[in-house]
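Just add 346 to wherever you are in the sequence shown, counting from 1, and you've got my numbering.
Below is one structure, written out as structure tokens, with a few remarks after it.
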Amino acid sequence: MLKLPIYLDNHSTTPVDPEVFEAMKPYFLEKFGNASSRTHSFGLEADAAVKYTRNQAAKIIGADANEIYFTSGATESINFAHFGIAQSYSFKGRKIITSQIEHSAVLDSFHYLEKKGFTAVYLPVDTNGLVNPDQLENEVSDDTILVSIMSVNNEIGSIQNLREIGRICKEKNVLFHTDASQAIGKIHFNVNDINADVVSFTAHKFYGPKGIGVTYIKNKNPKIKITPLLYGGGQENGIRPGTLNVPNIVGLGKAAEIMMKNFEEETKRIKKLRDKLAQLLLDSLEDVHINGGIEHKVPNNLNVYFEGVKSETLIMNIREIAVSAGSACASASIKPSHVLKAIGLSDEAARSSIRIGIGRFNTEAEINYAAETIIKKVKEIRKTSPAYILHTNQD
Ligand SMILES: *Cc1c(COP(=O)(O)O)cnc(C)c1O
Numbered sequence: 347m348l349k350l351p352i353y354l355d356n357h358s359t360t361p362v363d364p365e366v367f368e369a370m371k372p373y374f375l376e377k378f379g380n381a382s383s384r385t386h387s388f389g390l391e392a393d394a395a396v397k398y399t400r401n402q403a404a405k406i407i408g409a410d411a412n413e414i415y416f417t418s419g420a421t422e423s424i425n426f427a428h429f430g431i432a433q434s435y436s437f438k439g440r441k442i443i444t445s446q447i448e449h450s451a452v453l454d455s456f457h458y459l460e461k462k463g464f465t466a467v468y469l470p471v472d473t474n475g476l477v478n479p480d481q482l483e484n485e486v487s488d489d490t491i492l493v494s495i496m497s498v499n500n501e502i503g504s505i506q507n508l509r510e511i512g513r514i515c516k517e518k519n520v521l522f523h524t525d526a527s528q529a530i531g532k533i534h535f536n537v538n539d540i541n542a543d544v545v546s547f548t549a550h551k552f553y554g555p556k557g558i559g560v561t562y563i564k565n566k567n568p569k570i571k572i573t574p575l576l577y578g579g580g581q582e583n584g585i586r587p588g589t590l591n592v593p594n595i596v597g598l599g600k601a602a603e604i605m606m607k608n609f610e611e612e613t614k615r616i617k618k619l620r621d622k623l624a625q626l627l628l629d630s631l632e633d634v635h636i637n638g639g640i641e642h643k644v645p646n647n648l649n650v651y652f653e654g655v656k657s658e659t660l661i662m663n664i665r666e667i668a669v670s671a672g673s674a675c676a677s678a679s680i681k682p683s684h685v686l687k688a689i690g691l692s693d694e695a696a697r698s699s700i701r702i703g704i705g706r707f708n709t710e711a712e713i714n715y716a717a718e719t720i721i722k723k724v725k726e727i728r729k730t731s732p733a734y735i736l737h738t739n740q741d
């Protein structure tokens with residue numbers, strides 16, 4: 347028997363892997379030491395656990411352990427990167443560049459920097475959700491200090507041309523930051539391949555706990571200087587002070603370990619499920635569109651526009667299937683998704699689209715059930731949708 351509801355919103359967060367949870371448990375109870383208290387075994391075992399995760403976190407992105415800084419999540423990591431770079435490098439210039447489809451953590455910190463006198467450029471994207479590297483190259487001027495472009499989009503799953511973006515930044519001597527929150531565990535990601543200077547990601551997008559993230563800060567050729575957001579104890583080289591969240595850090599390390607072990611098998615399996623779901627929807631329904639196309643996407647993403655079907659109505663009618671309209675952070679608001687607008691959808695189309703994120707624990711039976719339910723409900727809703735009836739009569 348299928349267990350309901352079915353979770354298909356893995357871009358918003360992922361469940362903690364039971365193995366991750368087991369690994370974390372002792373660090374709440376017996377091994378509760380402060381990782382900075384190296385005068386006794388409690389502190390030493392906590393410190394050893396942190397060291398282990400620092401190595402794991404470095405390994406998954408091809409970095410060195412001394413380039414890893416633990417934060418409270420991607421939001422903090424992104425703010426830390428942007429504000430830290432803006433402060434440290436404003437002597438060089440005050441122009442900063444990003445894209446129109448970033449997560450609100452990037453867009454809002456850019457808006458704040460604009461208020462502080464920086465000039466921000468928001469690059470458009472094509473219908474696949476991709477930034478044009480030539481356009482980026484043209485925008486980079488002598489006073490540009492930062493390019494922040496996400497690796498993988500959280501709504502439509504588009505994978506940017508990171509190598510090319512990194513190459514341009516390196517050639518033009520501009521710092522390259524990337525929000526890799528949706529990339530870890532979905533694509534091969536290596537900071538050296540893409541010339542990234544600063545990277546942000548978060549454990550809860552790859553089956554780790556919420557509230558723990560990483561900022562990678564390049565340590566050589568050249569060493570990147572970032573002004574801290576916080577002041578306090580000397581933790582994390584004094585750049586990110588505060589008592590380390592050891593249980594969460596242990597969870598991040600375990601999640602990284604499991605991700606690396608299963609990467610090839612898991613991405614293949616999830617892609618098969620995603621492709622099957624897309625096929626079922628396209629075969630059984632008319633006037634269905636995959637937003638952003640399917641070729642430039644990570645394997646777990648499907649963002650679908652059903653003509654004549656408001657996403658709120660659909661979501662209300664498929665309560666046993668957890669999907670979202672747009673991103674989690676925006677789903678409380680009624681504004682159409684800025685990402686879908688940026689790839690060229692009308693307000694109407696953007697409001698008739700849902701995001702599906704397939705994950706590690708989804709089964710083929712769940713995908714079949716989800717497809718069946720969605721198809722049935724879309725047909726029902728369309729029968730009473732004036733917009734859709736009008737549109738089909740015109741054809
Ligand atoms: C989830 C997510 C974030 C925010 O991460 P938190 O750890 O929840 O702060 C930022 N960017 C992207 C692309 C995300 O998917």
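Built from N, CA and C at the ideal position, the CB exists for glycine as well.
Checking the sheet assignment: what are the DSSP bridge partners for residue i?
i, result
"S436", "Answer by DSSP bridge pairing: none, since S436 is not bridged."
"H523", "S494, V544"
"T444", "Y468, S494"
"Y415", "T561"
"Y651", "H635, S699"
"D355", "G703"
"I667", "I352"
"S504", "K643"
"I533", "I530"
Within its chain, find whatever has a CB closer than 6 Å to the CB of residue i; leave out the 5 residues flanking it on each side and keep chain order.
i, result
"G684", "Reading off the sequence, residue 684 comes out as His, not Gly. Excluding residues within five positions, none has a Cβ falling inside 6 Å."
"V493", "I443, C515, V520, F522"
"E712", "I352"
"G408", "N536, V537, N538"
From the options, pick the residue whose C-alpha is nearest to that of residue i; which is it?
i, options, result
"L354", "A601, R586, E510, N714", "N714"
"H357", "T473, G503, F429", "G503"
"I702", "I720, N594, T659", "I720"
"I406", "N536, N425, R384", "N536"
"E726", "H534, V655, K518", "V655"
"I511", "N500, N538, E501, G531", "N538"
"H534", "T548, M606, I558, N541", "M606"
"E653", "N519, P351, T738, V644", "T738"
"S657", "K532, Y734, R697", "R697"
"F429", "I735, G463, E368", "G463"
"C515", "V498, N541, S434, V592", "N541"
"G531", "K681, N591, R706, A717", "R706"
"A624", "I604, N647, P568, N608", "N647"
"H635", "D621, V650, D363, T709", "V650"
"E448", "V366, T524, V544, Y734", "T524"
"K723", "I664, I704, T709, E694", "I664"
"E611", "I558, I595, N637, P645", "P645"
"T573", "F426, G379, S382", "F426"
"N500", "N608, N637, E712", "N637"
"L575", "D543, E483, I424", "I424"
"D543", "I495, Y553, N380", "I495"
"I352", "N401, T709, K729", "T709"
"P337", "K556, A411, L626, F378", "Within the shown structure, residues of the chain are numbered from 347 to 741, placing residue 337 beyond reach of any answer."
"A688", "T473, E718, I570", "T473"
"A526", "N507, P568, D410", "N507"
"S571", "P372, F437, A529", "Sequence inspection shows Lys at residue 571; the Ser mentioned does not correspond to that position. Closest option to K571, Cα to Cα, is F437."
"E483", "V498, K518, S497, I491", "K518"
"Q481", "S630, K371, S445", "S445"
"K569", "K461, S434, A529, L691", "S434"
"L350", "I667, I505, P732", "I667"
Leaving out the 5 sequence neighbours to the left and right, which residues in its chain are closer than 7 Å to residue i when beta-carbon positions are compared?
i, result
"E413", "A404, Y562, I563, K564, N565"
"L390", "R384"
"P682", "D693, A696, R697"
"L627", "V634, V650, A717, I720, I721"
Which same chain residues end up closer than 8 Å to residue i when comparing Cβ atoms and leaving out the 5 residues on each side of it in sequence?
i, result
"I661", "V669, S670, A671, I700"
"H457", "A466"
"L459", "H428, F429, A432, I442, A466"
"I604", "D363, E365, V366, Y553"
"T359", "H550, K551, K556, A674"
For ligand 2, I want to know if residue i counts as a neighbour, meaning its beta carbon is within less than 8 Å of at least one of the ligand's heavy atoms.
i, result
"V498", "Absence of ligand 2 from the depicted structure is noted, with ligand 1 being the only ligands included."
Should the region 575-584 be regarded as contacting the region 443-461, the criterion being three or more beta carbon pairs within less than 8 Å? Here the region 575-584 makes no contact with the region 443-461; the two share fewer than three CB pairs at distances below 8 Å.
Taking contact to mean 3 or more Cβ pairs, one atom from each stretch, closer than 8 Å, check whether the region 469-483 and the region 606-623 are in contact. Proximity of the region 469-483 to the region 606-623 falls short of the contact definition, fewer than three beta-carbon pairs being nearer than 8 Å.
Can we say the region 405-424 touches the region 473-491, given the rule of at least three CB pairs closer than 8 Å? Flag = no, the region 405-424 and the region 473-491 do not touch.
Counting pairs of beta carbons, one from the region 592-612 and one from the region 384-397, are three or more of them closer than 8 Å? Yes: the two stretches touch, three or more of their Cβ pairs being nearer than 8 Å.
Can at least three beta-carbon pairs, one atom from the region 484-499 and one from the region 432-448, be found at a separation below 8 Å? The answer is yes - the region 432-448 touches the region 484-499, with three or more Cβ pairs under 8 Å.
Decide if the region 581-592 is in contact with the region 546-554; the criterion is three or more beta carbon pairs, one per stretch, under 8 Å apart. Counting Cβ pairs under 8 Å, fewer than three are found: no touch.
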